[in-house]
Amino acid sequence: MEFNRQLLVDSLKAEYKHQELPFSLHIFNTLSSTNQTLWQLIHQGEKPGCVVIATQQTAGRGQWGRQWQSPDGGLYLSMAIDPKLEAASSYQLTLASAWGITAQLRKCGLPVGIKWPNDLVLNGRKLGGILTETKVNQGQITQAVIGVGINWENQVPSTGINLKLWQNSQNYRVIDHLEMLTSKVLLGINSGIECLQAEGISVLLSRYLDVLTNMGDQVYVNNVLGRVVGVTQEGNLRLKMTTDDPKAPITPEICCQPGTISLGYRQA
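Everything in the sequence shown is counted per my numbering, starting at 10 for the first residue and increasing by one.
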């Protein structure tokens, strides 16, 4: 599908009113990877606010080296940011971006939530995901790229959902076109990172937990049942472990790093 640059610019101008747009837009129909292309542009001198957009990726990347299926009709974008964070806090960028995008979509009336750690969910199914990549020097993040993939009208697996068809099925169309969705995502990333930098991780994390769909979920770790009670500032999942033994000591809490356990999706 073709992406309408002017429609995106008009959508962004409606959001930013009389302010100068804080984005440098690079739009393609097909790319191997928007993150990869953006890193190339950064190496050529592009600054924070540079954005790469495509409606199809041939070699999209997900978390932990997984392939991200990116068929035509979806939204795939990457934004360069200036994080001002220590390397140990890098996952806060993902938390901030996930919350910011979710908050913008919820303002439109869409019941979107977050599935730990980085999935956007709608009606219990995966709407999109986020991949953050960073460059580090002497313990500080010097450059960062936020990559986002969202299902618009592309084909999805049984655990996925796309936004355009869901809106049609609900007779509830608040996002009229892909370009409007793109503007909401860009605004969301910006607002999430601004919240993190201006108000700190405690405020950001509280807002993230407000839209986290996993609170109270049960998951087994090493054959012991745990219940989700929160997320740490480093992005780790907090689990309260349970036991059937009434004489057991106080139930301990453990933390699981992203990528070490999966909370899963139900098949359609």
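Just so you know, even glycine gets a beta-carbon here, dropped at the ideal spot from N, CA and C.
Original post:
Rounded to whole angstroms, how far is the Cβ of N141 from the Cβ of A153, which I believe are closer than 8 Å?
Top reply: Checking the displayed sequence, the identity of residue 141 turns out to be Thr instead of Asn. Indeed they touch by this definition, with Cβ atoms about 7 Å apart.
**OP:** Would you mind listing the alpha helix (DSSP H) stretches within the segment 95-146 that are 4+ residues and don't spill past its ends, in chain order?
**Re:** 100-116
Original post:
Of all the alpha helix (DSSP H) runs that stay within the bounds of the segment 168-201, which reach a length of 4 or more residues?
Top reply: 172-179
Original post:
In terms of alpha-carbon separation, which member of I150, Q15, W108 and L246 lies closest to S99?
Top reply: Relative to S99, the option among I150, Q15, W108 and L246 whose CA is nearest is I150.
Subject >> Test item: CB-CB of G51 and L86 under 8 Å >> reply: Strictly speaking, residue 51 in this sequence is Ile, with Gly absent from that position. Taking 8 Å as the cut-off, the beta carbon of I51 is found no closer than this to the beta carbon of L86.
Original post:
In chain order, what residues of the same chain have a beta carbon less than 8 Å from the beta carbon of D226, not counting five sequence neighbours either side?
Top reply: Taking D226 as the centre and dropping the five residues before and after it, the same chain places the C-beta of R236, V237 and L272 closer than 8 Å to its C-beta, in chain order.
Original post:
When the Cα atoms are used, what is the spatial distance from L94 to L221?
Top reply: 24 Å
**OP:** Determine the contact status of A105 and L47, defining contact as a CB-CB distance below 8 Å.
**Re:** no
**OP:** Label A6 either buried or exposed according to how many other C-beta atoms from any shown protein chain fall within 10 Å of its C-beta, with 16 as the threshold for buried.
**Re:** Coverage of the chain is limited to positions 10 through 277, which leaves residue 6 absent and any answer about it impossible.
**OP:** Could you round the C-beta distance between C117 and K193 to whole angstroms and report it? I think they count as a contact, below 8 Å.
**Re:** 7 Å
Original post:
Quick one: is Y217 buried, meaning 16 or more other Cβ sit within 10 Å of its Cβ, or exposed?
Top reply: Result: buried.
Subject >> Element boundaries [alpha helix (DSSP H), containing Q15] >> reply: Taken as a continuous stretch (DSSP letters only), the alpha helix (DSSP H) holding Q15 covers R14 to Y25.
Original post:
In terms of DSSP beta bridges, what is H35 paired with?
Top reply: V61
Original post:
So, G158 versus G83, is the Cβ gap smaller than 8 Å?
Top reply: yes
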